[in-house]
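Report on one structure; see the data block that follows.
Residue numbers (the numbering used here): 817 to 1173.
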């Protein structure tokens, strides 16, 4: 058995997924496959890819077969999610392929993990459908945050209330600056591109708005900064707390925090970024940004602090101590993760997305 676990980044010239690594991996191993070999794809691919690869494999290695077994790993929990997944989905064309996969996953199946057999197209669709649903949920609550600010409401209370509905649940309902990383943004765009190729583009038209809401969440932070400080930011220093797209990771791919930091710097502000783990990868992607190894250095003489990645370290900051270092006690909580009342009692003006006084 041979697993294909390579990246499928967004193509440089459009929204579609770049299948270069997947195709080259299958082509590379084809000459060495023995009779009865099973190639198992785990990469996130556009629907139809598995059948295309299986057809090619039938020419290059006619005694081998191909199945698709999408991964559902959360970044930072890859080992846990591999050993104790919440489901196993296998796309197979025959019973033999399923039996081989069942043998491989026997210890996991013994734990009671749901086993779902599907055809190849459905197995491919499961992964992108799941990611699209999660992206939709995140953008939905961020859209509600916009409405709450306009109407004088509180999106955190709204999220708590609707989250008690078991049909909705409370996961992925924390309003903020939106999603990033190497999966959700590129997956929903590739899904739209593939649907258009299949003539089903209208079915996924809503994902364009999901993407737009997500990008708009970043712009809203910049708008708040300009509204409070000035349209001309050339005389202001802004401290950005967070560089990674999520806490407990050093992944800065499509990081909303870094996107905001770069835009503010482009607008003339002096921006200093801090992150517990992501400074080095962030510096490689944004060499023109300034970074600080310590929070105290990032916030020194700052006119505004932007909390953009919900690291535990930031929740534990003492607002009174930080207040002695800054030029102006103005905080934007882009993740709704800080204790707003505690910061306000220390004399801070706090703007939390989706929350009004």
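All residues carry an ideal CB built from backbone N, CA and C; glycine is no exception.
Is the CB-CB distance between residue i and residue j below 7 Å?
i	j	result
residue 1125	residue 1050	no
residue 936	residue 867	yes
residue 1000	residue 1043	no
residue 1152	residue 1035	no
residue 1120	residue 1088	no
residue 931	residue 904	yes
residue 917	residue 906	yes
residue 1230	residue 1027	Lying before the first or after the last residue shown, residue 1230 is absent from the chain, which here runs from 817 to 1173.
residue 1030	residue 995	yes
residue 820	residue 841	yes
residue 1172	residue 965	yes
residue 1143	residue 1109	no
residue 892	residue 1064	yes
residue 876	residue 846	yes
residue 971	residue 960	yes
Considering just the uninterrupted stretch of the alpha helix (DSSP H) at residue i, what are its terminal residues?
i	result
residue 1022	1022-1044
residue 978	971-979
residue 1159	1156-1161
residue 1139	1135-1139
residue 1112	1111-1115
residue 949	936-967
residue 916	911-920
residue 895	894-899
residue 1007	1000-1013
CB-CB under 6 Å to residue i, same chain, minus the five flanking residues each way: which ones, in chain order?
i	result
residue 1111	1090
residue 955	1026, 1029, 1030
Which whole-angstrom value is the C-beta distance of residue i and residue j, which I expect to be below 8 Å?
i	j	result
residue 894	residue 1010	26 Å between Cβ atoms; not a contact.
residue 1076	residue 1037	5 Å
residue 818	residue 855	5 Å
residue 942	residue 862	The pair is not a contact, with the Cβ atoms about 13 Å apart (cut-off 8 Å).
residue 1054	residue 1023	Actually they do not touch by this definition, with Cβ atoms about 32 Å apart.
residue 889	residue 897	5 Å
Rounded to whole angstroms, what's the CA-CA distance from residue i to residue j? Just pull it up for me.
i	j	result
residue 852	residue 920	15 Å
residue 1161	residue 1170	20 Å
residue 836	residue 859	12 Å
residue 948	residue 978	20 Å
residue 1164	residue 1147	7 Å
residue 902	residue 933	15 Å
residue 838	residue 1021	27 Å
residue 1033	residue 1039	10 Å
residue 1132	residue 1092	13 Å
For residue i, which residues of its own chain have a beta-carbon under 7 Å away from its beta-carbon, when the five flanking residues on both sides are left out?
i	result
residue 1019	1011
residue 1150	992, 993, 1037, 1122, 1123, 1124, 1169
residue 1083	1049
residue 1068	1059, 1060, 1061, 1074, 1094, 1097, 1098, 1101
Check for me: the beta strand (DSSP E) holding residue i runs from which residue to which?
i	result
residue 881	881-884
residue 820	818-820
residue 1053	1053-1057
residue 1166	1165-1168
residue 905	904-907
Within the 7 Å Cβ cut-off, does residue i reach chain B?
i	result
residue 981	Here there is only one protein chain, and chain B is not present.
Keeping to the same chain, check which residues put their C-beta closer than 8 Å to that of residue i; ignore five residues upstream and five downstream.
i	result
residue 1070	996, 997, 998, 1001, 1002, 1061
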